[in-house]
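Notes follow once the structure below has been shown.
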Ligand SMILES: [Zn+2]
Ligand SMILES: [Zn+2]
């Protein structure tokens, strides 16, 4: 969600009165009326409960932030309209002036800063002991408090979700999947499209959760890097590009041994065929979400089934999981099996290795002779893992 969209999120709130007066701001964020002001005063005044304790932060929680916002909005409304308070006022959230992964900061006025710190801390810090409550400040303060309350509520929701998942030992989607699975088996209905649609929805849901978790983990490694996580989800639209995501995915793929080919805007086809300017992030998303590109996985799978993809059999032989001679399933390290079953090599270890080396390296095409292997004398062959003989 972009900054622009965030600005458009409106919250309906029941405004509460805050008559013209001097107020004491308590350490819990409550505005307590301490003296009425003569009508000469155009604006209310806000004084810290204990000016001696200047810089002692005022602490909000979600409820006190909303309550204070309701009073501040009521004040601003009455000031500008001189009309009774309506049942509710719609007010847009206020983008934080600074938002990192761990904090959101609103500079309300010089010397007055509202800060949300993950997970549950919300404080108003002040360098001044008294200030004038103009309607503009009241409105800005109220909007910031409402946004802060939303941050706190969101943090609570995330925490509750995590705790429940942890206690239950299961993700929310697992149960639904199980249910879906049983429904399919029972063949209760023939409306296949319904199940397909629902599975797609669940798959998307899973991806969102995974993306969010991954991104949060990445960002937490650099907590003070500025981000524009302007929505109240952990989706960093706008800061992390598809190229960043691709880099992470590639690293994960290498680490976990997942064969992977990624298309990005740096793809050779795009580089040679579209010319300048290169695709922007938005243009890339439009391109990658087309119906045609949606067929990527299907296309690879089809090539594989047609026999025009990778040679899985050869890979299994290279990995020492099938015998190089008879294709039967074998287990154990290549240094022990020499890539063969026990029937296909003589029992003597030295002779066995010599025979295995001489049969050739399972590269494409299968070559014969000891020279077909690749690597330095004494090291394992870089393709098939057989220990190469020491140099004479
Ligand atoms: Zn064999
Ligand atoms: Zn080899």
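Numbering (my numbering), first residue to last: 1489 to 1880. We put the beta carbon where it would ideally sit given N, CA and C, even for glycine. These numbers come from a predicted model, not from an experiment.
Exposure label - residue i; buried when at least 16 CB within 10 Å
i            : result
residue 1684 : exposed
residue 1865 : exposed
residue 1847 : buried
residue 1619 : buried
residue 1707 : Caution applies to residue 1707, whose pLDDT of 43 falls short of 50 and renders its modelled position unreliable; the value that the coordinates give is listed next. Residue 1707 is buried by the Cβ-count criterion.
residue 1826 : buried
residue 1503 : buried
residue 1832 : buried
residue 1639 : buried
residue 1740 : exposed
residue 1712 : With a pLDDT of 42 at residue 1712, under the threshold of 50, the predicted position of this residue should be treated as unreliable, though the coordinate-derived value follows. By the neighbour-count rule (16 or more Cβ atoms within 10 Å), residue 1712 is not buried but exposed.
residue 1621 : buried
residue 1850 : buried
residue 1742 : exposed
residue 1937 : Lying before the first or after the last residue shown, residue 1937 is absent from the chain, which here runs from 1489 to 1880.
residue 1869 : buried
residue 1556 : buried
residue 1878 : exposed
residue 1768 : exposed
residue 1857 : exposed
residue 1637 : buried
residue 1584 : buried
residue 1786 : exposed
residue 1744 : exposed
residue 1586 : exposed
residue 1575 : exposed
residue 1562 : buried
residue 1582 : buried
residue 1450 : Outside the shown range of the chain, which is 1489 to 1880, sits residue 1450, and nothing can be said about it.
residue 1779 : exposed
Simplified DSSP assignment, three categories, for residue i
i            : result
residue 1587 : strand
residue 1843 : helix
residue 1756 : helix
residue 1851 : coil
residue 1736 : helix
residue 1646 : helix
residue 1774 : helix
residue 1789 : helix
residue 1623 : helix
residue 1640 : helix
residue 1651 : helix
residue 1690 : helix
residue 1535 : strand
residue 1860 : helix
residue 1769 : helix
residue 1546 : strand
residue 1874 : coil
residue 1530 : coil
residue 1810 : strand
residue 1880 : coil
residue 1747 : coil
residue 1725 : Unreliable positioning characterises residue 1725 in this predicted model, as indicated by a pLDDT of 44, which lies under 50. A coordinate reading is not provided.
For residue j and residue i, believed in contact at Cβ under 8 Å, the rounded distance
i            : j            : result
residue 1861 : residue 1845 : 7 Å
residue 1550 : residue 1641 : 5 Å
residue 1822 : residue 1873 : 4 Å
residue 1506 : residue 1577 : Their Cβ separation, rounded to whole angstroms, is 13 Å, which puts residue 1506 and residue 1577 out of contact at 8 Å.
residue 1548 : residue 1650 : Incorrect: roughly 23 Å between the Cβ atoms, too far for contact.
residue 1613 : residue 1545 : 5 Å
residue 1734 : residue 1752 : 5 Å
residue 1792 : residue 1798 : 7 Å
residue 1519 : residue 1565 : Going by Cβ atoms, the distance from residue 1519 to residue 1565 rounds to 16 Å, so no, they are not a contact pair.
residue 1852 : residue 1781 : Between residue 1781 and residue 1852 the Cβ distance is about 30 Å, and since that is not below 8 Å, they are no contact.
residue 1643 : residue 1606 : 7 Å
residue 1600 : residue 1579 : Incorrect: roughly 19 Å between the Cβ atoms, too far for contact.
residue 1525 : residue 1510 : 6 Å
residue 1843 : residue 1835 : That pair is no contact at about 11 Å.
Contact the region 1618 to 1637 vs the region 1518 to 1533: 3+ CB pairs below 8 Å = The region 1618 to 1637 is in contact with the region 1518 to 1533.
The region 1583 to 1601 in contact with the region 1631 to 1643 per 3-pair CB rule at 8 Å = The region 1583 to 1601 makes contact with the region 1631 to 1643; the number of CB pairs closer than 8 Å reaches 3 or more.
In chain order, each beta strand (DSSP E) run of at least 3 residues that lies wholly inside the region 1562 to 1612 = 1577 to 1580, 1591 to 1597 and 1600 to 1605
The region 1763 to 1778 / the region 1800 to 1810 touching (three or more Cβ pairs under 8 Å) | Counting Cβ pairs under 8 Å, fewer than three are found: no touch.
Output the residue ranges of the beta strand (DSSP E) runs that lie fully inside the region 1494 to 1528 and measure 3 residues or longer, sorted by chain position.
-> Runs found: 1498 to 1501, 1509 to 1513 and 1519 to 1524.
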